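Trainee:
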Amino acid sequence: MTDDTAAPRGDTAGNPQRDDDGLWEDNGTSLFEGDCGQLAQEVRRALVAILKRRYISAEREPDVWRVMTENRTLLESRLNDMFLQLVVDRDYGVAYKRQAIPDGGGAYPTLLHNLAYTREQTVLMVHLRGLFRSATSAGEEAVFVDGRELADEAANYLPASTTNHVEAQRAAERAVDALAKSDILLETAERGRYRISPIIEVLLPVGRLVELAESLARQNAGPSEVPATAGRVADEEVTA
């Protein structure tokens with residue numbers, strides 16, 4: 001006796017297969033006409049979030065974090081197709097993308113570009129990293145800072161050759177704003193008050209922190225520019 005029931009189309013992973021006419025068949029994830037995507041909608045949204053944002057926070061974006069961790073291999077596969085890697089730090093509850101580096105040297109085409117921090121931003125990041133490590137080592141779960149105090153900290157860390165202190169103060173204030181826009185400083189209900197994001201630990205591991213601190217100390221009596229290598233902390237963004 002034969003079974004005339006049609007065998008289901010598609011593989012065991014639910015990936016779309018071509019029918020007898022060579023057309024892609026619907027695997028249940030189609031969201032719009034002509035959609036050949038293989039990911040469920042929530043996984044697609046997580047992929048877009050990873051591509052668009054500097055990092056994903058388990059605390060601030062629990063839904064995206066859940067989808068990302070449950071579908072990590074699948075998302076990593078999609079990112080790898082674009083020469084990107086997904087880095088997940090469960091200790092600090094953050095995840096971010098980075099450019100893949102060829103095993104044999106050279107470079108891949110990239111969607112990302114390095115963002116070189118200004119001297120003032122670099123000073124603040126070193127300062128914030130120290131504050132965060134000190135406070136969390138003392139048992140504090142959240143570390144808060146005042147924006148005005150941060151601006152003063154950056155403005156005071158000037159080379160001896162600095163003469164325009166008004167512009168230096170403005171540059172320091174711009175640095176605070178830039179770190180807030182980067183979600184390294186997280187805004188609170190109190191205006192001008194920020195929480196330091198745990199991403200600071202990932203961006204500045206101990207070795208990098210020491211390197212930057214020494215570089216800034218050497219530069220303190222020299223030109224106002226930090227070497228390009230000191231400014232390229234580890235921050236990457238998708239190009240427009």
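Quick note on numbering: the UniProt record's numbering labels position 240 of the sequence shown as 240, and the sequence is numbered without any gaps. Each residue gets a CB set at the ideal place from its N, CA and C atoms; glycine is no exception. Since we're looking at a predicted model, the values are computed, not measured.
#1: Report back the beta-carbon spacing between D152 and G192 to the nearest angstrom; my notes put them in contact at under 8 Å.
#2: Going by C-alpha distance, which of A171, R170, I196, E190 is nearest A180?
#3: Alpha carbon to alpha carbon, what distance is there between S30 and V143?
#4: Do K97 and L79 come within 8 Å of each other at the CB atom, strictly closer than that value?
#5: Label Q121 either buried or exposed according to how many other C-beta atoms from any shown protein chain fall within 10 Å of its C-beta, with 16 as the threshold for buried.
#6: For P109, collect the residues of the same chain with a Cβ closer than 8 Å to its Cβ; drop the 5 residues on either side in sequence, then sort them by chain order.
#7: Since V48 is in the alpha helix (DSSP H), which residue starts that stretch and which ends it?
#8: DSSP has I56 in a bridge; who is on the other side?
#9: Look at the alpha carbon of E201 and the alpha carbon of G207, and state the distance between them as a whole number of angstroms.
#10: Confirm, please, whether the CB-CB distance from R54 to S182 is below 8 Å.
#11: Give the range of the beta strand (DSSP E) segment to which N114 is assigned.
#12: Select from V48, E167, A175, S134 the residue whose C-alpha is nearest the C-alpha of L150.
#13: Kindly identify the DSSP beta-bridge partner or partners of Y194.
#14: Pull up the distance between the alpha-carbon of A40 and that of G106, whole angstroms please.
#15: Can you have a look at S57 and say buried or exposed, based on whether 16 or more other CB atoms are within 10 angstroms of its CB?
#16: If we count the other Cβ atoms within 10 Å of its Cβ and call it buried at 16 or more, is R129 buried or exposed?
#17: Quick check on L84: does DSSP put it in helix, strand or coil?
Mentor: Judging by the given coordinates:
#1: Actually they are not in contact, since the Cβ atoms of D152 and G192 sit about 12 Å apart, beyond 8 Å.
#2: I196
#3: 44 Å
#4: yes
#5: buried
#6: F83
#7: 41-52
#8: A95
#9: 11 Å
#10: yes
#11: 112-114
#12: A175
#13: V145, E187
#14: 35 Å
#15: buried
#16: buried
#17: strand
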